[in-house]
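Here the numbering used here is used: the first residue of the sequence shown is 6, the next is one more, and so on.
Just so you know, even glycine gets a beta-carbon here, dropped at the ideal spot from N, CA and C.
In what follows, a single structure is set out as structure tokens and then discussed.
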Amino acid sequence: MTQRQLMLSALTLLLGVWGFLPEFTITMLNYIGLYALVAVGLVMLTGVGGMTSFGQAAFVGLGAYATSWFCTAPAAASLVGLAPDSVGLPWIGLVLGLVSSATVAWLLGSVTLRLSGHYLPLGTIAWGLSLYFLFGNLEFLGGHTGLAGVPVLWVGTFALHSVRQLGLLTWTVLLLTLWALHNLLDSREGRAIRSLKTGRVMAESMGVNTARYRIKVFVLAALLASLSGWMYAHLQRFVNPTPFNLNIGIEYLFMVVVGGAGHLWGAVLGAALITLMKQYLQDILPSLLGSSGNFEVIVFGLLMLLVLQRFPEGLWPSLARLVNRYLRPKQLTSTAVVRGLVERKLPETGTVVLVAREVSKRFGGLLANNKIDLHVRAGEIHALIGPNGAGKSTFFNLISGVDDPSTGLVSLLGRDMRGQSSRAFAAGGLSRTFQHVRLLGPRSVLDNVALGAHLRGHSGWIASMLCLDRVEEAALMSEARRQIERCGLGPQMRETAASLALGQQRIVEIARALTGQPSVLLLDEPVAGLPHMEKQALARLLTQLRDEGMAILVVEHDMEFVMNIADRITVLEFGQVIAHGAPAEVQVNPKVLAAYLGGADES
Ligand code: ADP
Ligand code: MG
6 MTQRQLMLSA LTLLLGVWGF LPEFTITMLN YIGLYALVAV GLVMLTGVGG
56 MTSFGQAAFV GLGAYATSWF CTAPAAASLV GLAPDSVGLP WIGLVLGLVS
106 SATVAWLLGS VTLRLSGHYL PLGTIAWGLS LYFLFGNLEF LGGHTGLAGV
156 PVLWVGTFAL HSVRQLGLLT WTVLLLTLWA LHNLLDSREG RAIRSLKTGR
206 VMAESMGVNT ARYRIKVFVL AALLASLSGW MYAHLQRFVN PTPFNLNIGI
256 EYLFMVVVGG AGHLWGAVLG AALITLMKQY LQDILPSLLG SSGNFEVIVF
306 GLLMLLVLQR FPEGLWPSLA RLVNRYLRPK QLTSTAVVRG LVERKLPETG
356 TVVLVAREVS KRFGGLLANN KIDLHVRAGE IHALIGPNGA GKSTFFNLIS
406 GVDDPSTGLV SLLGRDMRGQ SSRAFAAGGL SRTFQHVRLL GPRSVLDNVA
456 LGAHLRGHSG WIASMLCLDR VEEAALMSEA RRQIERCGLG PQMRETAASL
506 ALGQQRIVEI ARALTGQPSV LLLDEPVAGL PHMEKQALAR LLTQLRDEGM
556 AILVVEHDME FVMNIADRIT VLEFGQVIAH GAPAEVQVNP KVLAAYLGGA
606 DES
């Protein structure tokens, strides 16, 4: 049995017995579905995107109140020209809830997400608290008593009167959401989203607009919460502020953490466990202890500690591992077509592609780069060498947009790049690797490398969710595979990046840079930690790329490697260029010899 078959059988079974399950079970299932919908948004936000929100309950509230108010306020119906009992009102209420949630999320996100650190969590706490009090204090929302008389939801000609009927809608929405989000995560856009948690600097260098992605994920999570609130309101048929307070916001986070923050199905598992546990503890504890009180909160807290201590990644990964042991693994399809990708034409050999003119960088009192002049031509390997601390990596950051020069000019293919982000450099045809490797450790080599081709595809979120990006995705994957094989990492393609030796991780970075089809390639210490044979293989690859017309600038300490491959060498010391020329000239330059003989920390 495969994973998909197991899932389909479970769903068919559930659908088959839906009409016969006891009312109580159906009610529980319905709540689990509603909570899971919120939690799954939070998985995207927190587990995948690395942003914590305590305020999801407030978005649920916004969705619930929007529809409740719209359906019950007499003025609202006449505003849109509908009768006060029209079955269309809840649907307008839904749109109202979604639009207001998206607007709030976008505003909240644009204020807090650009700041680093704890601003977002704090912002969501403030939002959660204030919305709760706002609901309770607004006259037209019924104050703390809330709004009653929320109408039944009609889907076409079906009225969803009972939990049994509404539950079907809840679970259909939840399952469709899970399907869409699975597709999204398994796409070019998903790779970009997965880089938000730990790899933002790297992702920007691959052309990902991380600020925009963060806001979009935040809005997505808010929309799902709002959708859940809408169904909740039409299930309960009344709303008051209590289910939307900060405590419940924290509970949603618990669900996600217990279930497994990085896994979509973890949200369902977490929602199920916490809903059931709360229910049973509330029933059992008072009779067990002989007195009433909120004992469940204490037991709940202790159980939570236990779970997190034993399963720091949440319960889902362990459960999935257990089940997967009995399932047939998914067949890997491999297609060899590269079609529909953005192709870049390399500039003609000899063209000056990258220019740095009098580039300086000051860190406080330290002048790390002092008026560096350098240019790189297409079809040339240019090496930048110098003792440790000479300023080479700093210079790389300046000419790739990761950092801005204090003074001086950088131009890429004739374009002035002053004030441009690393994204713009990537779009201009520059790819780079990092001295301290920046890979997504838990992801496969293939996934990491495919991120490098981000700018070569254009399918958006909706297309990815609906699987309309499959041709492009196959092309991106096949391009990533091609570059991995070219770099000699074919056998490691499916392994996680973190499981590779450091030297191999550097090669993964090179493959990732190559999938961007760069005109200029910047490599920061590519052979550090590589065995001799692999160094030679890399030298062959770089020479081949040069012969194809790529411009390569490489920082390297391994002199044998540098002298072997470089057409020209620039030597830095204390942030200044002390020599420049062909390898044979530089090798005998007295200043260089002095710098290297003086630099005791050189290898
Ligand atoms: P290299 O790559 O040639 O070994 P670096 O460019 O990493 O040298 O560093 C050059 C100098 O700039 C070093 O003295 C280093 O400590 C300093 N430096 C680098 N980055 C920063 C930073 N972000 N803030 C302050 N000093 C820095
Ligand atoms: Mg360095």
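Could you check whether residue j and residue i sit closer than 8 Å to each other, using their CB atoms as the reference points?
i, j, result
"Gln488", "Val532", "no"
"Leu183", "Leu269", "yes"
"His387", "Leu558", "yes"
"Ala556", "Ala383", "yes"
"Leu101", "Phe138", "no"
"Leu577", "Ala502", "no"
"Val358", "Leu403", "no"
"Thr520", "Glu553", "no"
"Phe64", "Ile255", "no"
"Gly212", "His463", "no"
"Gly264", "Trp176", "no"
"Ala266", "Gly319", "yes"
"Val450", "Met498", "yes"
"Ile220", "Gly114", "yes"
"Leu281", "Val304", "no"
"Leu351", "Ser524", "yes"
"Ser231", "Leu103", "yes"
"Phe243", "Leu152", "yes"
With distances taken Cα to Cα, identify the nearest neighbour of residue i among the options.
i, options, result
"Gly141", "Leu519, Arg367, Phe249 and Phe300", "Phe249"
"Lys376", "Tyr218, Val582, Leu546 and Gln425", "Val582"
"Leu278", "Ile289, Val261, Leu294 and Phe145", "Val261"
"Asn245", "Tyr124, Ala62 and Leu379", "Ala62"
"Arg169", "Val381, Tyr36 and Ala81", "Tyr36"
"Leu535", "Lys397, Ile386, Leu558 and Gly508", "Gly508"
"Gly394", "His562, Ala71, Leu598 and Leu311", "His562"
"Leu251", "Lys397, Gly128 and Ala110", "Gly128"
"Arg491", "Leu473, Ile515, Ile130 and Trp96", "Ile515"
"His239", "Leu18, Val155 and Asp552", "Val155"
"Pro447", "Val263, Gly93, Ser200 and Gly46", "Ser200"
"Gly122", "Gly55, Ala584 and Gly345", "Gly55"
"Met564", "Gly391, His585, Val442 and Leu451", "Gly391"
"Leu19", "Leu103, Thr117, Leu173 and Gly98", "Leu173"
"Arg475", "Gln241, Gln284, Gly345 and Phe29", "Gly345"
"Thr162", "Gly93, Glu144 and Leu471", "Gly93"
Going along the chain, which residues of its own chain have a beta-carbon closer than 7 Å to the beta-carbon of residue i, five neighbours each way excluded?
i, result
"Arg517", "Asn453, Val454, Leu456 and Gly457"
"Met49", "Leu186, Val222, Leu225 and Ala226"
"Phe566", "Val532, Lys540 and Ala544"
"Ser365", "Leu372, Asn374, Asn375, Lys376, Pro410, Ser411, Thr412 and Gly413"
"Glu353", "Ala383"
Is the closest heavy atom of the ligand FAD to the C-beta of residue i under 7 Å?
i, result
"Val560", "Absent from the structure shown: the ligand FAD. Ligands present: the ligand ADP and the ligand MG."
Let's see if you can read the secondary structure: which residues bound the alpha helix (DSSP H) around residue i?
i, result
"Gly102", "Leu94 to Thr117"
"Asp191", "From DSSP, Asp191 is part of no alpha helix (DSSP H); its letter is neither H nor E."
"Trp23", "Careful: Trp23 lies outside any alpha helix (DSSP H) and carries neither H nor E."
"Lys350", "Counting along the chain, Lys350 falls outside any alpha helix (DSSP H), and DSSP gives it neither H nor E."
"Ser73", "Gln61 to Thr77"
"Phe401", "Lys397 to Leu403"
"Lys283", "Leu269 to Leu294"
Ends of the beta strand (DSSP E) at residue i?
i, result
"Ser416", "Thr412 to Leu417"
"Leu527", "Val525 to Asp529"
"Val559", "Ala556 to Val560"
"Thr575", "Arg573 to Glu578"
"Asp378", "Leu371 to Arg382"
Cutting at 6 Å between CB atoms, please list the residues of its own chain near residue i, excluding the five before and the five after it.
i, result
"Leu179", "Gly38, Ala41 and Leu42"
"Thr57", "Thr51 and Pro126"
"Leu379", "Ala361 and Thr575"
"Asp572", "Glu385 and Ile386"
"Gly580", "Leu372, Ala373, Asn374, Asn375 and Gly396"
"Tyr237", "Leu39 and Ala69"
Throw me the rounded Cβ distance for the residue i and residue j pair, which I believe falls under 8 Å.
i, j, result
"Ala82", "Ser91", "6 Å"
"Ser106", "Leu228", "6 Å"
"Leu371", "Leu324", "Not a contact, Cβ separation roughly 52 Å."
"Ala69", "Trp235", "7 Å"
"Leu67", "Leu136", "7 Å"
"Val591", "Ala584", "5 Å"
"Pro95", "Leu158", "5 Å"
"Gln522", "Glu301", "So it is not a contact: roughly 58 Å between Cβ atoms."
Cutting at 8 Å between CB atoms, please list the residues of its own chain near residue i, excluding the five before and the five after it.
i, result
"Ser297", "Pro291"
"Ser405", "Ser210, Ser427, Phe430, Leu435, Arg437 and Leu527"
"Asp288", "none"
"Ala605", "Because the pLDDT at Ala605 is just 44, under 50, the model does not fix this residue reliably, and the point stays unresolved."
"Trp314", "Just to set this straight, residue 314 is Gln in the shown sequence, not Trp. There are no such residues."
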